[in-house]
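Using the working numbering, read the sequence shown as starting at 347 and increasing by one per residue.
Don't be surprised by glycine CBs; every beta carbon is placed ideally from N, CA and C.
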Amino acid sequence: MLLEVRDLHVEFHTRDGVAKAVNGVGYRVDEGETLAVLGESGSGKSVTAQAIMGILDVPPGRVTGGEVVFQGRDLLTLKEDERRRIRGAEMAMIFQDALSSLNPVLTVGDQLGEMFTVHRGMSRKQARAEAVELMDRVRIPAARERVGQYPHQFSGGMRQRIMIAMALALEPALIIADEPTTALDVTVQAQVMELLAELRREYRMGLVLITHDLGVVADVADRIAVMYAGRIVESAPVHDIYKAPAHPYTRGLLDSIPRLDRKGQELYAIKGLPPNLMSIPPGCAFHPRCPLARDVCRTDEPPLYQVSATRGSACHFWRECLDD
Ligand code: SF4
Ligand code: MG
Numbered sequence: 347m348l349l350e351v352r353d354l355h356v357e358f359h360t361r362d363g364v365a366k367a368v369n370g371v372g373y374r375v376d377e378g379e380t381l382a383v384l385g386e387s388g389s390g391k392s393v394t395a396q397a398i399m400g401i402l403d404v405p406p407g408r409v410t411g412g413e414v415v416f417q418g419r420d421l422l423t424l425k426e427d428e429r430r431r432i433r434g435a436e437m438a439m440i441f442q443d444a445l446s447s448l449n450p451v452l453t454v455g456d457q458l459g460e461m462f463t464v465h466r467g468m469s470r471k472q473a474r475a476e477a478v479e480l481m482d483r484v485r486i487p488a489a490r491e492r493v494g495q496y497p498h499q500f501s502g503g504m505r506q507r508i509m510i511a512m513a514l515a516l517e518p519a520l521i522i523a524d525e526p527t528t529a530l531d532v533t534v535q536a537q538v539m540e541l542l543a544e545l546r547r548e549y550r551m552g553l554v555l556i557t558h559d560l561g562v563v564a565d566v567a568d569r570i571a572v573m574y575a576g577r578i579v580e581s582a583p584v585h586d587i588y589k590a591p592a593h594p595y596t597r598g599l600l601d602s603i604p605r606l607d608r609k610g611q612e613l614y615a616i617k618g619l620p621p622n623l624m625s626i627p628p629g630c631a632f633h634p635r636c637p638l639a640r641d642v643c644r645t646d647e648p649p650l651y652q653v654s655a656t657r658g659s660a661c662h663f664w665r666e667c668l669d670d
């Protein structure tokens, strides 16, 4: 086991009150495994990732409970300098927006090279050679010629490849990619996703792929964890989820993917909006939007029921949902 998040809680203290962004999340990632974490914006998937990376420790966000066990150590108990060492070297993160994550006044060669001069003590010349090699690995054409260019001289897709190269540089055991393709157009999205899948296999690293788009994970993920209102509502191998969701929210997400065989039909949309995290509905947080909701859902919070050895659902009526 590479990473296990246990009963994680994160709160944001704001002037208007306390937003409960993460409310007891648990998931695990094994070596070489890809876990897709799926949910609408505000479901807590990015905040969970930031807590894992240790980049949340800036007010107002605060971890109020739980454990983040990475390679046998609970990261939440480590000192900041130790966490900083782990970041980049042992776990790295890829963000949605490469342009704001890359330094506009440094060439990509210098930025990639810095990973090797700072962390590996290489000379500038060696580091430059490593940068070219990395650019090759993420399939940036003419790497040797382009290594001296600035981020704005690359297309969105190529910039995202540079971000991936930065994350890969020190060959971390885990990469967390937060909506890595959301800002790209559809064809480029597919290429970048394919690249990530390939590299993940090549490097045998664990990958947490955060997305709001169930459509992009089918070919890439081994397992899916679906988040809603800061909790995991369903967790299962990817094929199980596509075959039959065991939670009405997952079903809603599946039914809202555009599909070729349903061309012309109107797309399903889950009714209503995600809850306000300052006043999460009692019982099942999804009940105001759920087509299967009944009285017990408004009062009793569903635990994560064990549906099978590898599958959990936080719905009182998961059986019904599966049979549907
Ligand atoms: Fe819907 Fe009730 Fe299941 Fe929640 S517990 S998802 S409200 S049926
Ligand atoms: Mg996000």
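Quick check on DSSP: helix, strand or coil for K589?
One-based indexing of the sequence shown puts residue 589 at position 243. If DSSP states are grouped into helix, strand and coil, K589 belongs with the helices.
Within 10 angstroms of its Cβ, does P628 collect 16 or more other Cβ (buried), or is it exposed?
By one-based count along the sequence shown, residue 628 stands at place 282. It counts as exposed.
From V584 to E460, what distance separates their C-alpha atoms?
Start at 1 with the first residue of the sequence shown, and residue 584 comes out as number 238. Start at 1 with the first residue of the sequence shown, and residue 460 comes out as number 114. One C-alpha to the other measures close to 37 Å.
Quick one: which unbroken beta strand (DSSP E) runs of 3-plus residues sit fully inside the segment 505 to 574? Chain order, please.
520 to 524, 552 to 557, 569 to 574
Considering only C-alpha positions, which residue in the set F441, G503, G385 is nearest to Q535?
Indexing the sequence shown from 1 puts residue 535 at position 189. Distance from the Cα of Q535 is smallest, within the candidate group F441, G503, G385, for G503.
Given the structure, does P648 come close to the ligand SF4, in the sense that its CB is under 7 Å from one of the ligand's heavy atoms?
Residue 648 sits at position 302 when you count from the first residue of the sequence shown. Yes.
Hey, quick one: how far does the beta strand (DSSP E) through M468 stretch, first residue to last?
As a first step, residue 468 must be located in the sequence shown, where it is residue number 122. No beta strand (DSSP E) contains M468, which DSSP labels as neither H nor E.
Could you tell me how far apart the beta carbons of L480 and L445 are, in whole angstroms, since I believe they sit closer than 8 Å?
Along the sequence shown, read from residue 1 onward, the residue named residue 480 stands at position 134. Along the sequence shown, read from residue 1 onward, the residue named residue 445 stands at position 99. 19 Å between Cβ atoms; not a contact.
Report buried or exposed for P450, applying the criterion of at least 16 other Cβ atoms within 10 angstroms of its Cβ.
Residue 450 sits at position 104 when you count from the first residue of the sequence shown. P450 is exposed by the Cβ-count criterion.
Which whole-angstrom value is the C-beta distance of A397 and V409, which I expect to be below 8 Å?
Locating residue 397 in the sequence shown gives position 51, where the first residue counts as 1. Locating residue 409 in the sequence shown gives position 63, where the first residue counts as 1. Going by Cβ atoms, the distance from A397 to V409 rounds to 5 Å, so yes, they are a contact pair.
Nearest-angstrom Cα distance between E436 and A519?
The residue given as residue 436 occupies position 90 in the sequence shown. The residue given as residue 519 occupies position 173 in the sequence shown. Cα atoms of E436 and A519: separation of roughly 5 Å, rounded to the nearest angstrom.
Who are I440's beta bridge partners in DSSP?
Start at 1 with the first residue of the sequence shown, and residue 440 comes out as number 94. Answer by DSSP bridge pairing, in chain order: A523.
What is the DSSP secondary structure of Y309, counted as helix, strand or coil?
Residue 309 cannot be examined here, being either before or after the span of the chain that is shown, 347 to 670.
Name the one or two DSSP bridge partners that V409 has.
Working through the sequence shown from its first residue, we reach residue 409 at position 63. Partner(s): V356.
Give me every residue whose Cβ sits closer than 5 Å to any heavy atom of the ligand SF4, in chain order.
P594, C630, F632, H633, C636, L638, A639, C643, P648, C661, H662, F663
In or out: L619 buried (at least 16 other Cβ within 10 Å) or exposed?
Along the sequence shown, one-based indexing puts residue 619 at 273. It counts as exposed.
Kindly indicate the opening and closing residues of the alpha helix (DSSP H) around K391.
Locating residue 391 in the sequence shown gives position 45, where the first residue counts as 1. Run containing K391: 391 to 399, per the alpha helix (DSSP H) assignment.
Go through its chain and collect everything with a Cβ distance to R474's Cβ below 8 Å, but skip five positions before and after it.
In the sequence shown, the residue the question calls residue 474 occupies position 128. If we look at R474 and ignore the five residues flanking it on each side, its Cβ neighbours are G455, G459, V493.
On a CA-only basis, which of L402, T527, L599 is nearest A543? Give me that one, please.
What you label residue 543 is simply residue 197 of the sequence shown in a count that begins at 1. Selected option, being the one with the closest Cα: T527.
How is S501 classed by DSSP in three states: helix, strand or coil?
As a working note, residue 501 is residue 155 in the sequence shown. In the structure shown, S501 sits in coil (DSSP, three-state: anything other than H, G, I, E or B).
Which class does G658 belong to by DSSP, given the choice of helix, strand or coil?
Against the sequence shown, residue 658 aligns to sequence position 312. Note: G658 maps to strand in three-state DSSP.
If we ignore side chains and look at the alpha-carbon of each, how far apart do Q537 and A513 end up?
Position 191 of the sequence shown, counted from the start, is the residue given in the question as residue 537. Position 167 of the sequence shown, counted from the start, is the residue given in the question as residue 513. So the alpha carbons of these two residues sit roughly 17 Å apart.
Spell out a yes or no on whether the segment 367 to 380 and the segment 565 to 576 are touching, meaning 3 or more CB-CB pairs, one atom from each, closer than 8 Å.
Using a C-beta cut-off of 8 Å, the segment 367 to 380 makes contact with the segment 565 to 576, since at least three inter-stretch Cβ pairs fall below that distance.
I'd like to check one pair, W664 with A575: are the Cβ atoms closer than 8 Å?
Taking the first residue of the sequence shown as 1, we reach residue 575 at position 229. Taking the first residue of the sequence shown as 1, we reach residue 664 at position 318. Not closer than 8 Å, so no.
Determine the contact status of S602 and Y614, defining contact as a CB-CB distance below 8 Å.
Here residue 602 refers to the residue found at position 256 when the sequence shown is read from its first residue. Here residue 614 refers to the residue found at position 268 when the sequence shown is read from its first residue. Yes, the Cβ-Cβ distance between S602 and Y614 is below 8 Å.
Where does G598 sit, in a helix, a strand or coil, going by DSSP?
Within the sequence shown, numbered from 1, the residue matching residue 598 stands at position 252. The answer is helix: DSSP assigns G598 an H, G or I state.
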